[in-house]
Each structure stands twice: as C-alpha cells, then as structure tokens.
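Residue numbers (the working numbering): 8 to 386. Yeah, the Cβ is synthetic: ideal placement off N, Cα and C, and Gly gets one too. Taking it in order: structure first as structure tokens, then the write-up.
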Amino acid sequence: NINQFKEPAKIKVSRIYLPYTEADKQQILNQGEQLKTRLEAGEDFGQLARTYSKDDKASNGGDWGFYDWQNLSPAEIQAANQLEPGQLSPVIDLGQAVAILKVTEKMPEITRSLAEVKAMIQNQLMEDKARDKASQRMDNLAKVAKKAKKLEEAARREGLSLQDTGWLKNGDPLPAVDSSGAVSQVLFELKEGEISSPVFTYEGVAVVQFTQKDPEHQASLDEVKDQVREDLIKEKKVELAKAKLNSIRFSQEANWEELANKESLEYKRVETYKHGQYLSLIDEPAEVEHLVFSLPVNQASEPIAVGNGYAVVRTLERKEVSREDFEKVKGEEMAKALSDAQEMFIYSYLQKAIQERKIKVNYDLFSQTADEVLNRFGE
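Quick look at the structure:
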C-alpha cells in the first residue's frame, strides 16, 4: 500500500499576537495594521514578533513550527492554509486579540523511494518470520506437553523457560508477557491440569497449564485490605484526573502539548484520521470516532472514561468531502477497496490452504528471495 510510505504536505507558520481589552481594542487594531505595513516594507518578522507579540512563541520569533500552529483558532488555521511561503495574512481580529501570520516554509507531499523504505519492508518480513517461527515452536510445545500431561517437562525438553503466573483473576494482564489479559482468560476456560493450545498476545505466543484454583469465597478483611486501599487510591486519582481535564477544557491556552507538560498529563496527537480507521491511542474507538466527527473544530470534548482514567479529545481540522471531490477519487477509492478485498481473500485462502494441506513455509528462502528482489529495485 503506497499510502503508508507517503508523508503529507506541511507548512511552517509564524505569528504575531496582540491581545486587547474593550478599552484598548481600537488602539491594538491600529497597532496590528501598522505592524503589517512594516512587514510589507521588509522588516524582519521574527524581530517584530520578539518585540511586540504576547504569546508563548514570542521569544522564539513567533515561530509555531510545522505542527503547533494547528492548535491555533479556526480563523488562524484557515488563514494559514491559504498562504504561500513568504506571504502574510491580513490582520485577523480574533475577538480578544489580533494576529498576523506568515508561512515561512512549505514542504510538499513526499512519497518515499523504495531505497528509503527497503529497511522497513525487510523488518516487517523478519517480524513475520519470527512470529511464525514462535507460533510453530509453541504448537510443537503444546503437542509435547499434552502428550506428557505436564508443561514443565515439555518446556525442559524444548529448552524453554517456565514462568509461574501467580494468582490471577479472569482478564488480569501479565506484565511483560500479556498486557491484554488473554492468557488469564484462557486459563479460566481450562480444567485443572489441562494444557492450552498456543495463546497469541501482543507480546508473543504462550502455552499455559491450569495447575491450581482458589475457590470463590467470602474474603476476610486481611485478604482484601490492600486491594481496597489500592482501589480507593486509584478511584481518587481518576476523580482528580477528571477534574483536571474539565479545567483544561475551558483553558484559553491553545497549545495542549505545553499545557499537558505543565499539568503532568499525557498528550497524544494523530495527524490524520478517517472513518473506521483503527486508533490505538484510546480504548474506546467508537466513542472517539463519534466525537471526532461531531464536535465543532477546536472544541474540547467532555472527559470520557478510557481504560483506567479519562481523556478529552479535540479535532484541530476537519475536511468534509463534497460530492464533486468524491466523484474525482471514486474510481481510485473503488480500485483500492477492491485491491484490499482481493488481498484479504488471497491471504485467507492461503492461510486455510496452509492449515488444511499442512504446508510448511521456508521463511529463510522467502527472506532471501525478497532481499534479492528488493536489491534489484534499489539498484
């Protein structure tokens, strides 16, 4: 898919920002026009920004870089997107301040060459090979263990280490082994002494044996006091996080990254997002998708519960596709959808054939052949 090797076009923006009150509004508007005239006469934008601008970037010559400017107001974002390199915006009245923007640099969309992405492709092939080898090894381990009826003995024969999970509840994660909780879920489906088939996790492949169960019972205070204390602390932290995010929603500070650093919060950003696209940043993709496409641009959402905490989201820019735009790309998108469907069908067919016919893939030969082909293209 060539789109994964594309870098979107980018522009670099600088700003002079002059806040005003009702009392001095006209004076500041006049000052903005005077500065615009001086800029058009050739005075240095960075120097004037250092002298007159009143935002966080003033000391840096008003430079908002390639990305931070997208946290500005919708009016400023719209104005910046209409400028060519070297151009100045009109004096923009923001309601509580005036701004002058300048695009200092523009980088076109780039499609990386095969030589640039060759290492990425090779790494993906090696990762696929390692995953398949791990799967085959765990398949063999599971067969040996089920025959011996003891995972410890099978692991020793195969030269693999054994790990005791300790007491787990259904769905509990295993640090560094299974962050998703898949292993504990499988354990709760086994009978005592039973050995599982390979369990696939984000971190790798595992085989587990159910060795002991603590029957459900009314817990004593000594058994649960640590857990209760931990739950109370966690609940308090979550409440504080929600309150902090609520205060951020109404903050006038445009740059969320700097605000997050100040408040010791985690900040994540997605450059582009489409309907139905997988979003790894938050655990509730359906709710996030609804917010992303329904909230007004630059308006923060209410805190939403995600995982063990809360998050707020904000859409910086939204491009609505018109019927005319759709007609222009309809053929290309239909061809892409058909190609994706064909690839998925072929992949599913091959996987089924490999399982039913017990086909063994020589990944060493496959990697060698792939390297030779890639080297030819790179020459």
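Counted within 10 angstroms of its Cβ, other Cβ atoms place residue i as buried (16 or more) or exposed
i, result
"G69", "buried"
"M145", "buried"
"F52", "buried"
"D62", "buried"
"A86", "buried"
"N305", "buried"
"A152", "buried"
"D235", "Before going further, note that residue 235 is Val rather than Asp in the sequence given. It is exposed - the Cβ of V235 has fewer than 16 other Cβ atoms within 10 Å."
"Y317", "buried"
"K64", "buried"
"S108", "It should be pointed out that residue 108 corresponds to Leu in this sequence rather than to Ser. Buried, since its Cβ has 16 or more Cβ neighbours within 10 Å."
Under 8 Å between C-beta atoms of residue i and residue j
i, j, result
"E14", "E116", "yes"
"L25", "V105", "yes"
"A162", "L175", "no"
"V184", "S203", "no"
"Y209", "S191", "no"
"Y74", "I23", "no"
"L323", "Q77", "yes"
"V98", "G39", "yes"
"V320", "S308", "yes"
"L272", "K251", "yes"
"T172", "L158", "no"
"S142", "W71", "no"
"E47", "L95", "yes"
Residue range of the alpha helix (DSSP H) that includes residue i
i, result
"S21", "S21 -> not in any alpha helix (DSSP H); beta strand (DSSP E) instead, spanning 17-26."
"A56", "52-59"
"A267", "263-270"
"G39", "32-47"
Neighbourhood of residue i by C-beta distance below 6 Å, restricted to the same chain and skipping five residues each side
i, result
"I18", "V110, K113"
Residue i - containing beta strand (DSSP E), residue span
i, result
"A318", "316-318"
"A312", "311-313"
Contacts around residue i, its chain only, beta-carbon distance under 8 Å, and the 5 residues preceding and following it disregarded
i, result
"K335", "none"
"Y27", "Q34, I35, L36, Q103, A104, V105"
Proximal residues to residue i (C-beta, below 7 Å), its chain only, five neighbours per side dropped
i, result
"Y274", "W263, E264, A267"
"R164", "V151"
Query - Inside the stretch 169-250 only - beta strand (DSSP E) runs reaching at least 3 residues - result: none
Query - Any alpha helix (DSSP H) of 4 or more consecutive residues that is wholly inside the stretch 85-158 - result: Qualifying alpha helix (DSSP H) stretches, in chain order: 121-155.
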